[in-house]
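To start, the structure under review is shown below, and the notes come after it.
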Amino acid sequence: MPAPPRRALLLGLAGIGLAAPSLAREVADATGRRIAVPDRVARVLAAGPPAAILLWSLAPEMLAGWPGRGPRPAELAFLPPEAAALPATGRLTGRDNSANLEAVLAQRPDLVLDYGGIGPTHVSLAERVRSQTGLPMLLLDGRLPLIPETYRRLGEILDRAPAAAVRAAAATRILAAATDAAERLRARGRPRVLYVRGPRGQETGLAGSINSEIIEFAGAENVAASGLGGGGLATISAEQVLAWNPDWVIAMDPAFPGFARQDPVWGSLGAVRAGRLALVPALPHGWVDFPPSVNRLLGLAWLPVLFGAAPADGLAETVAELYALLFHRRPEAAQLAPMLRQALPGRA
Numbered sequence: 006m007p008a009p010p011r012r013a014l015l016l017g018l019a020g021i022g023l024a025a026p027s028l029a030r031e032v033a034d035a036t037g038r039r040i041a042v043p044d045r046v047a048r049v050l051a052a053g054p055p056a057a058i059l060l061w062s063l064a065p066e067m068l069a070g071w072p073g074r075g076p077r078p079a080e081l082a083f084l085p086p087e088a089a090a091l092p093a094t095g096r097l098t099g100r101d102n103s104a105n106l107e108a109v110l111a112q113r114p115d116l117v118l119d120y121g122g123i124g125p126t127h128v129s130l131a132e133r134v135r136s137q138t139g140l141p142m143l144l145l146d147g148r149l150p151l152i153p154e155t156y157r158r159l160g161e162i163l164d165r166a167p168a169a170a171v172r173a174a175a176a177t178r179i180l181a182a183a184t185d186a187a188e189r190l191r192a193r194g195r196p197r198v199l200y201v202r203g204p205r206g207q208e209t210g211l212a213g214s215i216n217s218e219i220i221e222f223a224g225a226e227n228v229a230a231s232g233l234g235g236g237g238l239a240t241i242s243a244e245q246v247l248a249w250n251p252d253w254v255i256a257m258d259p260a261f262p263g264f265a266r267q268d269p270v271w272g273s274l275g276a277v278r279a280g281r282l283a284l285v286p287a288l289p290h291g292w293v294d295f296p297p298s299v300n301r302l303l304g305l306a307w308l309p310v311l312f313g314a315a316p317a318d319g320l321a322e323t324v325a326e327l328y329a330l331l332f333h334r335r336p337e338a339a340q341l342a343p344m345l346r347q348a349l350p351g352r353a
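For the sequence shown, this note's numbering assigns the number 6 to the initial residue and increments by one for each residue that follows.
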């Protein structure tokens, strides 16, 4: 049976009569809305994967379940055993807003958390969830530079201020180092980068897209943003790729590098011929995108090294420490080595 659409889900929640938690205090989310939440929050329903990763990094015991699907075996190898025990709860937001009604109700969350956009559409959904279910829904801004502030805000809401402070401090250090590296790149000439999604590189992020904002934050020029302007995700053609002729191609899909080297269009690019085709590490979550959450801190540690604005020495240790902080499991060197080899062609 197909999953119910978002509107049907929300009406169903109201009809079944989910008991609202006892609300004892007010907090402010990133939109400035003052929202009543329980004095003690024990369980949180993540509206989408970005919120789930944020919450898992700070308070994994509070996560009610994985939106959409649970981690696959390859992803679980980078997570503690508890990650496998959480149910799949479906999604309230994003392209696949297909939350399963029974799974949502079974979790009895104290509040709903969404992390990413905070525009009118997201506020409208949050207000609809609250009015039809009695559950408070908080929105946190997913922009990359705001990660430290987001951690501190969420730490206050969940009574996890000390753990949030540790993560905010780490994020501040990563952001500052990436900013310094970006200044060095601008001084010598920004690399022109094309970030591609999909097995054939048919999709990319434009200016203002949360999916690709990390490219420019790291000091590179997003050629798709320069060529197509602002927006979210966009489909691109072979003609556009040839016209842009980027210095670097960064791919999200592990099938893309093999395709690009055999394809006459992609294979003709100077970047591909010169070996400047890097694969974004994706376990347990992508370092650039997919989903765009706090896992992107790993990308900010990696991209300056890829572009030659920071030394490769120490990257593996930095990455291992971030894994321990964000995912609660420190990877073995043998787990990281193959990812870094593909992420740093000719370097690692």
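Built from N, CA and C at the ideal position, the CB exists for glycine as well.
Query: Reduced DSSP category for Ala168 - H, G, I as helix; E, B as strand; rest coil; Result: helix
Query: Under the three-state DSSP convention, the category Met67 falls into; Result: helix
Query: Residues sharing a beta bridge with Val254, DSSP; Result: Leu199 and Leu282
Query: Buried versus exposed, by CB contacts within 10 Å (16 or more), Ala33; Result: exposed
Query: Backbone CA spacing between Gly272 and Asn250 [nearest angstrom]; Result: 12 Å
Query: Own chain, CB closer than 6 Å to Glu226, minus 5 neighbours either side, in chain order; Result: Arg195 and Arg197
Query: Cut-off 8 Å between Cβ atoms - residues of its own chain near Leu330, not counting five sequence neighbours on either side; Result: Ser62, Val171, Arg172 and Ala175
Query: For Val324, the nearest candidate out of Ala287, Pro78, Phe312 and Ala265 (CA to CA); Result: Ala287
Query: Strand pairing of Met344, partner residues [DSSP]; Result: DSSP output for Met344 lists no bridge partner at all.
Query: Neighbourhood of Ala82 by C-beta distance below 6 Å, restricted to the same chain and skipping five residues each side; Result: none
Query: Reduced DSSP category for Gly121 - H, G, I as helix; E, B as strand; rest coil; Result: strand
Query: Where Gly351 sits in the DSSP three-state scheme; Result: coil
Query: For Arg30, the first and last residue of its enclosing beta strand (DSSP E); Result: Arg30 to Ala33
Query: Same chain, Cβ closer than 7 Å to Ala183, five either side skipped, listed in chain order; Result: Phe222, Ala223, Leu305 and Pro309
Query: First and last residue of the uninterrupted beta strand (DSSP E) at Ala41; Result: Arg39 to Val42
Query: Residues of its chain near Leu68, where Cβ-Cβ distance is below 7 Å and the 5 sequence neighbours each way are ignored; Result: Val49, Ala51, Ala57, Leu60, Trp61 and Leu91
Query: Ala88 (DSSP reduced to helix, strand or coil); Result: helix
Query: Own chain residues within Cβ distance below 6 Å of Val293, not counting five before or after; Result: Ile219, Val285 and Gly304
Query: Reduced DSSP secondary structure (H/G/I, E/B, other) of Val134; Result: helix
Query: Neighbourhood of Ala169 by C-beta distance below 7 Å, restricted to the same chain and skipping five residues each side; Result: Leu63, Tyr156, Arg157, Leu159 and Gly160
Query: Span of the alpha helix (DSSP H), counted from its first residue to its last, around Leu81; Result: Pro78 to Leu81
Query: Other residues of its chain near Tyr328: CB distance less than 7 Å, five sequence neighbours each side excluded; Result: Phe83, Arg334, Arg335 and Pro336
Query: Same chain, Cβ closer than 6 Å to Arg74, five either side skipped, listed in chain order; Result: Ala93
Query: Limits of the unbroken alpha helix (DSSP H) element including Leu305; Result: Arg301 to Leu311
Query: The region 259 to 268 in contact with the region 228 to 240 per 3-pair CB rule at 8 Å; Result: no
Query: Nearest candidate by alpha-carbon position, reference Pro72, set Glu87, Leu97 and Ala89; Result: Leu97
Query: Classification of Gly206 by the beta-carbon crowding that lies within 10 angstroms, buried from 16 upward; Result: buried
Query: Length of the line joining the Cα atoms of Ile241 and Gly53; Result: 26 Å
Query: Buried or exposed (CB count within 10 angstroms, at least 16 for buried), Thr126; Result: exposed
Query: Span separating the alpha-carbon of Arg281 from that of Leu247; Result: 15 Å
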